[in-house]
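Accompanying notes for the structure given below.
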Amino acid sequence: LPIRADYVGKNLPTALTERISVKLEEVDGVDEVVIED
Numbered sequence: 006l007p008i009r010a011d012y013v014g015k016n017l018p019t020a021l022t023e024r025i026s027v028k029l030e031e032v033d034g035v036d037e038v039v040i041e042d
């Protein structure tokens, strides 16, 4: 069984000017990924 660190579940192209914010329930109280301009 290969283990890969580069697994992608969903690939969304983004612009260089966009910022990606990742929040985890254990740390932030919510699971979410937000793409902001």
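Numbering (this note's numbering), first residue to last: 6 to 42. All residues carry an ideal CB built from backbone N, CA and C; glycine is no exception. These numbers come from a predicted model, not from an experiment.
The beta carbon of SER26 is closer than 6 Å to those of VAL39 in its chain, skipping five residues each way along the sequence. GLU37 has LYS28 as its beta-bridge partners, per DSSP.
Note that the C-beta distance between GLU30 and GLU41 is not below 8 Å. The residues LYS28, in chain order, have a CB closer than 7 Å to that of VAL35 in the same chain once the five nearest residues on each side in sequence are set aside.
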